[in-house]
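Every letter in the sequence shown is one number past the one before it in the UniProt record's numbering, and letter 56, counting from 1, is 56.
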Amino acid sequence: MACDARKKAPGPCWRCKDKNMECRFDKNFKRIPTRQITSSLTNELHNMRATQYTSEGTSVSPRPPSAARDPEEHARFLQISEGEIVTDLSIGAVGIPPEVVLELLRHFEQHYYIRAAFLQPIQSPASCASESPLLFWTILFIASQHHESHSHLYEKLFFPHRDLLAPLTTCALHSIQEIHALLLLCLWPIPKQREVLNPIWNYIGLAISACIRLDIHNPLPQDHILQGWGGWPRTLTSVSLETQRLTWLACFSISTQESVWLGFVPPLSSCYHLKNTRKAVNGLDGHLKPEQLASIAIYENMCHYSVALEGIDEPSTHFLLTQSHNGSLDIVKQTYAADWPREVDIVFQLAKLNLHSTALVPYLQKGCTREASHIIDLQTLLLRGLEAASNLIEGIKAVCLAPAPAPATADTHGDNTTTNTILPFAPKHYFTNLFFAALFLFRTYVLSQPISQTHKALAYQGMVDVHEIFQQLPQRRDIARAAILVEKLLSKARLHETTTTTTTANSSSLNELLITNRLGASIVWDTVLRVRLRTNVLTVAANGVVEREVHPVEEAVRDRLPPAPEMMLQETSGGGVAAGLDGFMPQSSEDLIWADWNLFVPQPGYSDMGQMFW
């Protein structure tokens, strides 16, 4: 018989009365989803065991000399024989002299290849351009963007390169070189007029699907009966197993990074895909450096906690699982502590930031009760997220603002590039990580009433650092767009600190998220959404409904954004053809001086940024 304590309260229940005992029924007791919590904890135990098994299986140990790869050999991308004759190469109406081709390839080797180890070396530019035109021209296209002498080619190559990409939407990818081209465009994408037009998520989806279709995720033996059969998708007999495994690991890493930015569960987070990822790692034994193994282990943990936390809405359960996964990440760091460079720590801090940002979402949902334990948990998550965000910014500053490698001498076939830092060559996810951290710090700054002024100063300084980094690339539309938004948030933070009349209202508004379906990125996209509101950049409409603004973007701000390549398309009088691929109109560098930007950035609460941002 069920206990009747709830009905008899405040009197004793029939069982306690019958046994002459004191009834300890708590009228505030609430049932909890025990079965769901048990299931989540069980899954978490499985994940922890898998992580421990991974750590044991990939622990750093001395490698046999025969299996170790020479770092210099790995760094060689351009392997042209002495008798190779490089001729003029052309695409569409654009012709490139042989000396420029070599300069761009060496420039790519020096500044980009270190983050694209899945690429096969080029032994003959002419053969590569003939056999893999999309990959070859993608390499030259990317290398030209920030080349000191040949940056004008970036605009000239845009439309011919776009024509090479077009068939990928109508025909299945049939070579690993096409997959490599898509992966490069995920790392160094083409600037778009608006961020929502960025096709990285589409590209990585195509790359993953092609890898599975071509068995790159689980390669067949070289002597398998299917090799060479015309009825099977085009096999990769000429591609080494090492390259195939590196390609799959690149898909795994890039897709996980992009998932964090967009707020999705990583597409390769299922047990099946993680098993194939682990097989690829084991198959590359002796070819991966300890820091590469550490990064992969961190990405695996990110997949685990995204799956575990995605289906849970109860804040306390979220917090417990977050504690467990935070410990798993710490185990990875302890395992690879001897080989822990800045690049790995950036991935580590992003994983922690995303973890605690995801855990914050249930606490910031509308209707969430503000119990004492919840307030303590909320403060803990904010502090840990603030620490991770600050460390992430410091790590990227240390990596991207470090002096660029000195160009090689003529004897070693170097290029003529003179770049102060490697910031222009950083992959896209470094900038999205900075933006993620800046917006998290802003919400921490506004929500941090229980946190000390020291922490608030740390959050504000982190936003300033991100803004200063973004300011160094005013010619990049996506970076310039982010810089303006961060500047608006800095202005709002100063306003929040100095005013007293609107602070309470704005802070209470920011205590709740309008967007809650994007995991840890919900905080990012919720903040971006609020910036677009005209009546008050950081509050919702009076009736609680977010309405689309009809007011135009301030012309002064919009004009200060550098144009994306697609925006410079001009129609000839003949109709339909891009006006002389030599006839682009690049924006004068004088128009991009950052000292003038403050004069044109609207104050928060004044105007809608509208389509300019997203």
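All residues carry an ideal CB built from backbone N, CA and C; glycine is no exception.
Please read all numbers here as calculations on a predicted model, not as lab measurements.
How many whole angstroms separate the CB atoms of residue i and residue j, which I take to be in contact at a CB cut-off of 8 Å?
| i | j | result |
| --- | --- | --- |
| L392 | N433 | 6 Å |
| L249 | L206 | L249 to L206, Cβ: 17 Å. No contact. |
| F431 | A482 | 7 Å |
| L350 | F440 | 11 Å between Cβ atoms; not a contact. |
| H147 | L104 | 7 Å |
| C186 | I200 | 5 Å |
| F442 | L513 | With 8 Å as the limit, F442 and L513 do not qualify as a contact, their Cβ atoms being about 14 Å apart. |
| T247 | L184 | Actually they do not touch by this definition, with Cβ atoms about 12 Å apart. |
| T262 | A521 | Per the sequence shown, the amino acid found at residue 262 is Leu instead of Thr. Yes, L262 and A521 are in contact; Cβ-Cβ is about 6 Å, under 8 Å. |
| I331 | G395 | Between G395 and I331 the Cβ distance is about 20 Å, and since that is not below 8 Å, they are no contact. |
| A438 | L561 | Rounded, the Cβ-Cβ distance is 18 Å, inconsistent with contact. |
Which of the three DSSP states, helix, strand or coil, is assigned to residue i?
| i | result |
| --- | --- |
| T256 | helix |
| P12 | coil |
| V239 | coil |
| I393 | helix |
| I85 | coil |
| T527 | helix |
| P219 | coil |
| T358 | helix |
| I451 | coil |
| F119 | Note on residue identity: the sequence assigns Leu, not Phe, to residue 119. DSSP places L119 in coil when its eight states are reduced to three. |
| P267 | coil |
| P189 | coil |
| E549 | Note on E549: pLDDT 46, under 50, position unreliable in the model; the coordinate value appears next. Coil. |
| L78 | strand |
| V577 | Only weak support is given to the placement of V577: the predicted model assigns it a pLDDT of 35, under 50, and the value that follows is read from those uncertain coordinates. The answer is coil: DSSP assigns V577 none of H, G, I, E or B. |
| N326 | helix |
| Y112 | coil |
| E512 | coil |
| P474 | coil |
| S373 | helix |
| E387 | helix |
| M463 | helix |
| K352 | helix |
| K19 | coil |
| R194 | coil |
| C3 | coil |
| S522 | helix |
Per DSSP, residue i forms a beta bridge with which residues?
| i | result |
| --- | --- |
| P563 | Answer is none; P563 lacks a bridge partner. |
| residue 615 | Past the boundaries of the shown model lies residue 615; the chain is included only from 1 to 614, so the question cannot be answered. |
| P403 | T421 |
Once you ignore the five residues that flank residue i on each side, which residues in its own chain have a CB closer than 8 Å to its CB?
| i | result |
| --- | --- |
| N420 | P403 and A404 |
| E291 | Y336, D339, W340, P341, E343 and V344 |
| T243 | F118, Q120 and I176 |
Using a Cβ-Cβ cutoff of less than 7 Å, which residues in the same chain neighbour residue i once the five nearest sequence positions on both sides are dropped?
| i | result |
| --- | --- |
| R548 | Bear in mind that the predicted position of R548 carries a pLDDT of just 47, short of 50, making it unreliable; the figure below should be weighed with that in mind. Correct list: empty, nothing qualifies. |
| A398 | R342 |
| Q453 | none |
| Q472 | L423 |
| C16 | E22 and C23 |
| T516 | V361, Q365 and S522 |
| E84 | S124 |
| Q145 | S151 and Y154 |
| P133 | L164 |
State the start and end residues of the unbroken alpha helix (DSSP H) segment that holds residue i.
| i | result |
| --- | --- |
| G283 | C271 to G283 |
| G95 | Where G95 is concerned, there is no enclosing alpha helix (DSSP H), although the beta strand (DSSP E) it sits in stretches over V94 to I96. |
| N301 | P290 to E310 |
| S127 | P125 to E131 |
| T444 | K428 to L447 |
| L339 | According to the sequence as given, residue 339 is Asp; it is not Leu. Run containing D339: none; DSSP gives neither H nor E here. |
| A172 | Counting along the chain, A172 falls outside any alpha helix (DSSP H), and DSSP gives it neither H nor E. |
| I212 | I200 to R213 |
| E487 | R477 to T498 |
| Y154 | H152 to K156 |
Just to confirm my understanding: we take residue i, look at its own chain, exclude 5 residues before and 5 after, and list those with CB closer than 6 Å. What are they?
| i | result |
| --- | --- |
| T256 | P266, Y299 and M302 |
| L135 | Q177, H180 and A181 |
| F252 | L268 and T277 |
| F141 | L157 and H161 |
| D478 | P191 |
| A129 | L89 and F136 |
With a threshold of 8 Å, establish whether the CB of residue i neighbours any heavy atom of the ligand GTP.
| i | result |
| --- | --- |
| V196 | Among the components of this structure there are no ligands whatsoever, and the ligand GTP is therefore not found. |
Within 9 Å of any Cβ in chain B, is that where the Cβ of residue i sits?
| i | result |
| --- | --- |
| L382 | Given the protein chain composition of this structure (a single chain), no chain B is represented. |
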